[in-house]
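Numbering (the working numbering), first residue to last: 58 to 430.
Cβ coordinates follow ideal geometry from the N, Cα and C atoms, glycine included.
Treat the numbers as computed from the prediction; the structure is a model and nothing was measured.
Encoded as structure tokens, the structure appears first; notes follow it.
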């Protein structure tokens, strides 16, 4: 029997398949316009179905954040997989197994220790396999990666290119600081600076006799790219497939582009506090956004209810009040359904063991993400 959204138990994570497909198509078109290869990140959804949509059905050229994802996609026929996470000794055995199974499996090296780790395991790969290495560089975000202007990255390039058991597959820079820059003009300056630094490093490598793909990523910058990105080779965005309230606030998408929502129901009234309670606690949407200085001091968007906001959560309950005036609880009877646009869809999706896929109001499928590390 066909199911409608209203037939689902709550809380649950629901995906509009038409918006998912639209977001994927638009990012592919952006990359085609800029003449860049798209290597979509799967960490937002971690599902077979969304990865097929992102790759246009090719099952090639993806980035993952965990070995569990890499193994999951490899077992379903995907290839050319980048583990976009710093390589460490504890991951070597599983990486070796993936190297044997896949035609192309690439590892991330974010510092000198990563180079040393791979160097110590050169002999573990049977010929003709070699470690395919992507160097992560830091252009100012300050999380992981070689200093983009430092000597250590050149030392790493030299070690890799002089080795018979390693090859340099590329250089990547995550533009993560774009998530905390609310001004479009300032984000464009950040993009320009990042691309210029990457081009400068590209020239240093050319002087050294080395050429390889250069890529960058972050949904805010890839959704609103400057033309200077044509100087690069690849884009690696991930969140764009669902988008979220954060991306909306950053003007990276429209509200109508947000594909993922948490469906929740009113379960109790607190009229003396002008408050209603819903069955969406932090285990259904996550705490992401609560510490940000957001408009209206909220951390999600309640679809179609511009005067309501979620102000707090316990494990299984959410508190909703009016932004202006008192909330009349009688306007929202027990069982009333709300749809919440999460602040960070990657974090929200991680809270759910299944996603309900719909077209209009009709449930058309259920996707199961891979879990664990």
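With DSSP collapsed to three states, give me the class of residue i.
{"i": "residue 333", "result": "strand"}
{"i": "residue 159", "result": "coil"}
{"i": "residue 133", "result": "coil"}
{"i": "residue 233", "result": "helix"}
{"i": "residue 198", "result": "coil"}
{"i": "residue 138", "result": "strand"}
{"i": "residue 150", "result": "helix"}
{"i": "residue 416", "result": "strand"}
{"i": "residue 193", "result": "strand"}
{"i": "residue 93", "result": "coil"}
{"i": "residue 59", "result": "coil"}
{"i": "residue 76", "result": "helix"}
{"i": "residue 318", "result": "strand"}
{"i": "residue 176", "result": "helix"}
{"i": "residue 83", "result": "helix"}
{"i": "residue 143", "result": "strand"}
{"i": "residue 205", "result": "coil"}
{"i": "residue 69", "result": "strand"}
{"i": "residue 171", "result": "helix"}
{"i": "residue 214", "result": "helix"}
{"i": "residue 310", "result": "coil"}
Let me check understanding here. Comparing Cα to Cα, which of the options lies closest to residue i?
{"i": "residue 193", "options": "317, 272, 362 and 147", "result": "272"}
{"i": "residue 137", "options": "156, 408 and 149", "result": "156"}
{"i": "residue 319", "options": "299, 260 and 142", "result": "299"}
{"i": "residue 253", "options": "195, 178 and 240", "result": "195"}
{"i": "residue 114", "options": "341, 423, 81 and 233", "result": "81"}
{"i": "residue 199", "options": "430, 231, 154 and 179", "result": "231"}
{"i": "residue 406", "options": "428, 242 and 416", "result": "428"}
{"i": "residue 383", "options": "397, 395 and 366", "result": "366"}
{"i": "residue 284", "options": "87, 76 and 62", "result": "87"}
{"i": "residue 215", "options": "425, 266 and 333", "result": "266"}
{"i": "residue 64", "options": "425, 426, 419 and 122", "result": "419"}
{"i": "residue 140", "options": "229, 212, 76 and 69", "result": "229"}
{"i": "residue 270", "options": "280, 258, 306 and 328", "result": "258"}
{"i": "residue 225", "options": "112, 268, 282 and 293", "result": "268"}
{"i": "residue 240", "options": "291, 227, 309 and 213", "result": "309"}
{"i": "residue 172", "options": "183, 143, 112 and 237", "result": "143"}
{"i": "residue 123", "options": "135, 152 and 343", "result": "152"}
{"i": "residue 238", "options": "260, 359, 99 and 303", "result": "303"}
Rounded to whole angstroms, what is the Cα-Cα separation between residue i and residue j?
{"i": "residue 221", "j": "residue 187", "result": "8 Å"}
{"i": "residue 235", "j": "residue 160", "result": "34 Å"}
{"i": "residue 355", "j": "residue 312", "result": "16 Å"}
{"i": "residue 371", "j": "residue 96", "result": "37 Å"}
{"i": "residue 336", "j": "residue 66", "result": "10 Å"}
{"i": "residue 74", "j": "residue 316", "result": "7 Å"}
{"i": "residue 154", "j": "residue 324", "result": "49 Å"}
{"i": "residue 110", "j": "residue 78", "result": "7 Å"}
{"i": "residue 178", "j": "residue 209", "result": "21 Å"}
{"i": "residue 62", "j": "residue 408", "result": "19 Å"}
{"i": "residue 128", "j": "residue 377", "result": "41 Å"}
{"i": "residue 108", "j": "residue 329", "result": "48 Å"}
{"i": "residue 294", "j": "residue 413", "result": "23 Å"}
{"i": "residue 334", "j": "residue 289", "result": "49 Å"}
{"i": "residue 307", "j": "residue 411", "result": "28 Å"}
{"i": "residue 338", "j": "residue 326", "result": "16 Å"}
{"i": "residue 106", "j": "residue 417", "result": "19 Å"}
{"i": "residue 190", "j": "residue 213", "result": "10 Å"}
{"i": "residue 341", "j": "residue 185", "result": "47 Å"}
{"i": "residue 132", "j": "residue 380", "result": "49 Å"}
{"i": "residue 101", "j": "residue 183", "result": "34 Å"}
Under a Cβ-count criterion, where at least 16 other Cβ atoms within 10 Å of its own Cβ denotes burial, should residue i be classed as buried or exposed?
{"i": "residue 103", "result": "buried"}
{"i": "residue 205", "result": "buried"}
{"i": "residue 296", "result": "buried"}
{"i": "residue 286", "result": "buried"}
{"i": "residue 180", "result": "exposed"}
{"i": "residue 244", "result": "buried"}
{"i": "residue 145", "result": "exposed"}
{"i": "residue 150", "result": "exposed"}
{"i": "residue 217", "result": "buried"}
{"i": "residue 277", "result": "buried"}
{"i": "residue 158", "result": "exposed"}
{"i": "residue 390", "result": "exposed"}
{"i": "residue 264", "result": "exposed"}
{"i": "residue 246", "result": "exposed"}
{"i": "residue 126", "result": "buried"}
{"i": "residue 175", "result": "buried"}
{"i": "residue 274", "result": "buried"}
{"i": "residue 344", "result": "exposed"}
{"i": "residue 430", "result": "exposed"}
Using a beta-carbon distance below 9 Å, is residue i in contact with chain D?
{"i": "residue 282", "result": "In summary, chain D is missing from the structure at hand, where a single protein chain is found."}
- request: Identify every run of the beta strand (DSSP E) within the region 328-401, keeping only runs that are complete inside it and at least 3 residues long; order them along the chain.
  value: 332-335, 357-359, 365-370, 375-379 and 394-399
Completely contained beta strand (DSSP E) runs for the region 220-308, where each covers 3 or more residues: 223-231 and 271-274
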